[in-house]
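Let me begin by presenting the structure, written as structure tokens, before commenting on it.
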Amino acid sequence: MITIGSIGFLQPWILAALAGLPAIWWLLRMTPPSPQLVVFPPTRLLKDLKSSEETPAHSPWWLTALRMLLAAVIIFALARPVLNPDRQTFTGGGPLLLVIDNGWASATHWPERREAIEAAIDRAGRDGSTVVLAPTAPGQPVSDPLSPDQARERVGGLAPEPYAPDRAALAATLEKQLGGKTGFSVRWLTDGLDYGEGDSFGATLRKLAGPSGSFAVLRPEKENAALALGQASGDGGELTARVLSADDGPRSGTVKALTGHGEPLGEAQFSIAEGARETATRFDLPLEIRNQVARIEIAGERSTGAVHLLDARSQWHRVGIVSGESREAAQPLLSPLYYVQRALSPYADVVTPNEGNVANAVHELISQKVSTIVLADIGKLVVGTQEELGAWLKAGGVLIRFAGPRLEQGGDELLPVALRRGGRSLGGSLSWSTPQPLASFDEKSAFRGLAVPDDVKINRQVLADPTVASDAQVWATLADGTPLVTALKQGQGYIVLFHVTANSDWSNLPLSGLFVEMLRRIVTLGPSQVSIEGGDQAAATMEAKPQAQASSSASSSGALPPVQTLDGYGQLGSPPLRAAPIAPDKLDTTTPGPDHPPGYYGPSGAARAFNLITAKTVLKPLPKIEGATEMGGYTLKKPMALEPWLYLAALALFTADILAMLVLSSGWRLRRRAATAGAVILLVFALLPQAPAPLWAEEARKGATPADDFALKASLQTHLAYVIVGDPEIDRTSEEGLSGLSKVLRARTALEPADPMGVDIDKDELSFFPILYWPVREDTKPLSDSTLAKIDAFMKQGGLIIFDTRDHDTELTGTGTQSKALTRLIGQLDIPPLEPVPENHVLTKSFYLMRSFPGRFDGGSLWVEAEPEDEAERTERSRRTDRVSSIVITSNDFAGAWALDESNRPIYPTVPGGEVQREMAFRAGVNIVMYALTGNYKADQVHVPALLERLGQ
Amino acid sequence: MSWSVEFIPFVPWPVFWGLAAFGVVLLALLLWRSRRGAVLRALSFALLLLAIANPHLKQILSG
Chain A
1 MITIGSIGFL
11 QPWILAALAG
21 LPAIWWLLRM
31 TPPSPQLVVF
41 PPTRLLKDLK
51 SSEETPAHSP
61 WWLTALRMLL
71 AAVIIFALAR
81 PVLNPDRQTF
91 TGGGPLLLVI
101 DNGWASATHW
111 PERREAIEAA
121 IDRAGRDGST
131 VVLAPTAPGQ
141 PVSDPLSPDQ
151 ARERVGGLAP
161 EPYAPDRAAL
171 AATLEKQLGG
181 KTGFSVRWLT
191 DGLDYGEGDS
201 FGATLRKLAG
211 PSGSFAVLRP
221 EKENAALALG
231 QASGDGGELT
241 ARVLSADDGP
251 RSGTVKALTG
261 HGEPLGEAQF
271 SIAEGARETA
281 TRFDLPLEIR
291 NQVARIEIAG
301 ERSTGAVHLL
311 DARSQWHRVG
321 IVSGESREAA
331 QPLLSPLYYV
341 QRALSPYADV
351 VTPNEGNVAN
361 AVHELISQKV
371 STIVLADIGK
381 LVVGTQEELG
391 AWLKAGGVLI
401 RFAGPRLEQG
411 GDELLPVALR
421 RGGRSLGGSL
431 SWSTPQPLAS
441 FDEKSAFRGL
451 AVPDDVKINR
461 QVLADPTVAS
471 DAQVWATLAD
481 GTPLVTALKQ
491 GQGYIVLFHV
501 TANSDWSNLP
511 LSGLFVEMLR
521 RIVTLGPSQV
531 SIEGGDQAAA
541 TMEAKPQAQA
551 SSSASSSGAL
561 PPVQTLDGYG
571 QLGSPPLRAA
581 PIAPDKLDTT
591 TPGPDHPPGY
601 YGPSGAARAF
611 NLITAKTVLK
621 PLPKIEGATE
631 MGGYTLKKPM
641 ALEPWLYLAA
651 LALFTADILA
661 MLVLSSGWRL
671 RRRAATAGAV
681 ILLVFALLPQ
691 APAPLWAEEA
701 RKGATPADDF
711 ALKASLQTHL
721 AYVIVGDPEI
731 DRTSEEGLSG
741 LSKVLRARTA
751 LEPADPMGVD
761 IDKDELSFFP
771 ILYWPVREDT
781 KPLSDSTLAK
791 IDAFMKQGGL
801 IIFDTRDHDT
811 ELTGTGTQSK
821 ALTRLIGQLD
831 IPPLEPVPEN
841 HVLTKSFYLM
851 RSFPGRFDGG
861 SLWVEAEPED
871 EAERTERSRR
881 TDRVSSIVIT
891 SNDFAGAWAL
901 DESNRPIYPT
911 VPGGEVQREM
921 AFRAGVNIVM
931 YALTGNYKAD
941 QVHVPALLER
951 LGQ
Chain B
1001 MSWSVEFIPF
1011 VPWPVFWGLA
1021 AFGVVLLALL
1031 LWRSRRGAVL
1041 RALSFALLLL
1051 AIANPHLKQI
1061 LSG
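Chains as they are written, first to last, in the numbering used here: chain A, 1 to 953; chain B, 1001 to 1063.
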């Protein structure tokens, strides 16, 4: 088999036939198409002559090319080409030395690696050579030369380990075990990572291969390069994760946050930019949920490196708070612990003992295993409590104390510094000093890195006694250098003293966001739980565990025993036998290995996470190994036979040849016809995709009908509406009138109507409008049944129609032409009894208090639905419409009075006249609109004083 | 012991027969026009189709 690029030929000798192509070309020239036929009458004479067959000298060049191509394709097909042939083969007859990287980075694609290992062993079996297996994970032995069957068995027990391989150690072992021998076929199945010894290890392997052996390296493909999840930080209330890649980006994926039981809590996307090998991603989780995250992992990766464990330090702490005085429920803002509680409750489980007695309260808190106790302004603790707290501190508790008037009178032993009697007042009427701001935090402070707001001012504080030496640390100072927060380490724990009160009496620190951050920092100093055993013997408890054999001895030396460890695939399980405890202070510096696999270490209640990838970890891709053949990746592309496609192509070419023969031989006429047909077909194909497109676009645009446009316009804003009666002058007046009224409404009321809309009463939907203004035309025609039904529905569903006869008729039942017109218009409607607006009707007080409702004319009365006196008589309609009259009839020509021109000047004069009448007309309009929109509540509103008075009695 | 030929075509049978039918129509046209080389073409077309039909020689071991 020979290979060219990624194509191999199973029968390469057939390719020799390609040399025969020129011969074919020569042959092909012999059989050109027939010459053109032209009718030439005198030829008839020639028919009688004897003629010998003539062959034309040339066939068209493209036909020759077509046939040559056909021949070549058939030759290639016969040579049986294969795409991506199996190339896991190698030469070299020496024993096979299989160096297998089985650190964490090879876990995700372990099955592919297994296949590659087995393929290599199979090959060795066929060659009859022995196999030496050399896994690179630390502590795994190099095998003796094995038969392929033994090797296969041995490989079955090989698994990725949850730590980095130790190639330097393997190089030493190989040199010791196989030293001096050469001629190995060396296969190094790498994980693609350089741990700093890639080159020297490569050199060792090259030496083992020697001049007679071979040396090949397999490395993962770029898209299969190992991904690792770096240090997750929980600072600033967010959870962020660092994603590292062994090879250059772009890579993208998802990081998942899980609880300790594996329930998913959140996901974050990450994408590593082109050329970069690292990125950070942030989880958007509420704090309560963030606190439950125990494990972050990269979705789709199955390695220890892609898992990051979070320990109790980033989880909830239990904080107990005790104050000297009973908490005032009625004045919570003055309570000494209100701000502490508010600051801590999002980050910690705040426990408040039900005990007024401080000694009992502290005892209760310690028995609840709190890790932090906050004491606000407690001067002197009783001796027993002091001893109990001292033991608790030694076990890791954090005691936060706040100053106050009581502490100012003298403290006890449990303070980081001795206090001077009497405090220091800054600012105030009898003082030269001014309230002091905070100085920024120095590097030794627990608060380092927190931003100090300018507006935090301290008015009063307790002072350390300068005459008493103390090894307390100063965590925060005022701008003038006076300590504000002092701390003292006691055993495993801390005593922290704020020299101010926990409420806003002495400073505004508790009101600032800084206070929250400071308390958080302090609380995270402690473990999540602290418990003490017995009186004096204080030590962190180890909850009795089955595997406590090691831990009991470890607890005496303070080392943290492994509780649960990760296996090579990133799954938590019980620790392997070899796993040994780690001293707490060495947790950050220890490198994971067989003795210390990553996982949880320490007492099960407050176990610490020990991760493979730390903040300092950088993944480096393995450089090119000198002298080694690169054998590509692990994932095998399936070989594909190209033979069928070549045969099909040959068939297609053959068909083309026959067609060409047919076309050429039948002369120009057929050719022209064929050309025309071809052109038509081409044209049809060219038009096909385009023709429907505009149709679809049209369809999409047509989706919104005019009715939809009308509905959209009418419903997006409130509009006053008028009925288009068909008389241009009346319609214009209606529009001008309503737009004048809209202006007035915008200026005076909370209603901001858009421009008025004209409504075609027959066609348009009415339900968008609360009010319809309907000027009655003299020659109006009766309405159709469907329109009447629509108007009836509109009125019954709460719409209000203002009919304006515009004829200054005082009597509704008059004999004027307009009244007749109105009767024609609505006579068939189901209209309840009407009455002129009575006194105290809501219309007279819905916005302005009014007695009459003038328009351009004065004197005509306004008719509304008569209100039944009796509750029982109230119809269904009046209930549904909130007792708003659905019809208002006037003869005063409202629109004429409301009509304003562009400069807001009235267009029509009022009769009898005067701007007072116009103002009253506008007020009438405002009242009607308000009546329609707000209903009857104004009926009561005016009586509110009276109602209140009655309630008071 | 006997021998038999088994066809495992590269394309599904219906496609194969479609191709064959198409070729037959073209060749018939060619023959009708009585162009030279029609018989030769028919022969090579048949051979190509045979190649696509991918014949395997099968040896059946009896008893």
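Glycine included, every Cβ here is placed at the ideal spot set by N, Cα and C.
These figures come from a predicted structure and were not determined experimentally.
| Query | Result |
| --- | --- |
| Could you check where the alpha helix (DSSP H) with residue 794/A kicks off and where it finishes? | 785-796 |
| Classify residue 211/A as helix, strand or coil using the three-state DSSP reduction. | coil |
| For a test of the three-state rule: what should DSSP assign to residue 1044/B, helix, strand or coil? | helix |
| Whole angstroms is fine: what's the gap from residue 459/A's alpha carbon to residue 526/A's? | 30 angstroms |
| Going by C-alpha to C-alpha distance, which of 101/A, 119/A, 122/A, 206/A sits closest to residue 166/A? | 101/A |
| Note down, in chain order, each residue of its chain lying with its Cβ closer than 8 angstroms to the Cβ of residue 693/A, except the 5 sequence neighbours on either side. | Low local confidence applies: a pLDDT of 41 at residue 693/A is under 50, so the model's placement there is unreliable, with the coordinate-based value given in what follows. Excluding positions up to five away in sequence, the list is empty. |
| Is residue 652/A helix, strand or coil when you go by DSSP? | helix |
| Let me know if residue 1015/B comes out buried or exposed under the rule of 16 or more other beta-carbons within 10 Å of its beta-carbon. | exposed |
| Can you name the residues that DSSP bridges to residue 498/A? | 402/A, 485/A |
| Please list the terminal residues of the continuous alpha helix (DSSP H) segment that includes residue 150/A. | 148-156 |
| What residues match up with residue 458/A in a beta bridge as DSSP calls it? | 436/A, 507/A |
| May I ask you to verify whether the segment 799-809 of chain A touches the segment 851-861 of chain A, counting CB pairs closer than 8 angstroms and requiring at least 3? | yes |
| Tell me the residue span of the beta strand (DSSP E) that contains residue 773/A. | 771-775 |
| Does the beta-carbon of residue 928/A have 16 or more other beta-carbons within 10 angstroms, so that it is buried, or is it exposed? | buried |
| Determine, using beta carbons only, whether residue 192/A and residue 162/A come nearer to each other than 8 angstroms. | no |
| Output, in chain order, the set of chain B residues within a Cβ distance shorter than 7 angstroms of residue 650/A. | 1048 |
| Excluding the 5 residues flanking residue 164/A on each side, which residues of the same chain have their C-beta closer than 7 angstroms to its C-beta? | 103, 104, 195 |
| Starting from residue 372/A, trace the beta strand (DSSP E) in both directions and tell me its first and last residue. | 372-376 |
| Would you decide whether residue 172/A is buried or exposed? Buried here means 16 or more other CB atoms lie within 10 Å of its CB. | exposed |
| Let's see if you can read the secondary structure: which residues bound the beta strand (DSSP E) around residue 309/A? | 307-309 |
| Name the residue from 744/A, 829/A, 183/A whose alpha carbon lies nearest to the alpha carbon of residue 787/A. | 829/A |
| So with CB distances below 9 angstroms, who are the chain B contacts of residue 76/A? | Correct list: empty, because the minimum Cβ distance to chain B is about 12 angstroms. |
| Mind reading off the beta-carbon distance from residue 479/A to residue 417/A? Whole number of angstroms is fine, and I expect it under 8 angstroms. | 19 angstroms between Cβ atoms; not a contact. |
| Since residue 644/A meets chain B, which of its residues come closer than 9 angstroms, beta carbon to beta carbon? | 1009, 1010, 1011, 1052, 1054 |
| Of all Cβ atoms in chain A, is any one closer than 8 angstroms to the Cβ of residue 1023/B? | yes |
| Could you check whether residue 508/A and residue 456/A sit closer than 8 angstroms to each other, using their CB atoms as the reference points? | yes |
| Using the DSSP secondary-structure output, state which residues sit across from residue 1058/B in a beta bridge. | 1004/B |
| I want to verify the contact list: residues of chain B whose CB lies under 8 angstroms from the CB of residue 647/A, in sequence order. | 1010, 1048, 1051, 1052 |
| Tell me the residue span of the alpha helix (DSSP H) that contains residue 240/A. | Looking at the DSSP string, residue 240/A is not in any alpha helix (DSSP H); the run it does join, the beta strand (DSSP E), is 239-245. |
| Nearest to residue 932/A by alpha carbon, out of 719/A, 906/A, 297/A, 370/A? | 719/A |
| I want to verify the contact list: residues of chain A whose CB lies under 8 angstroms from the CB of residue 1027/B, in sequence order. | 658 |
| Got a sec: is the Cβ-Cβ distance from residue 669/A to anything in chain B below 8 angstroms? | Its pLDDT being 48, under 50, residue 669/A is placed unreliably in this model, and the coordinates cannot settle the point. |
| Could you give the DSSP three-state label for residue 887/A: helix, strand or coil? | strand |
| Any idea if residue 281/A is buried or exposed, counting beta-carbon neighbours within 10 angstroms, 16 or more meaning buried? | buried |
| With DSSP collapsed to three states, give me the class of residue 631/A. | coil |
| On a CA-only basis, which of 26/A, 198/A, 357/A, 75/A is nearest residue 63/A? Give me that one, please. | 26/A |
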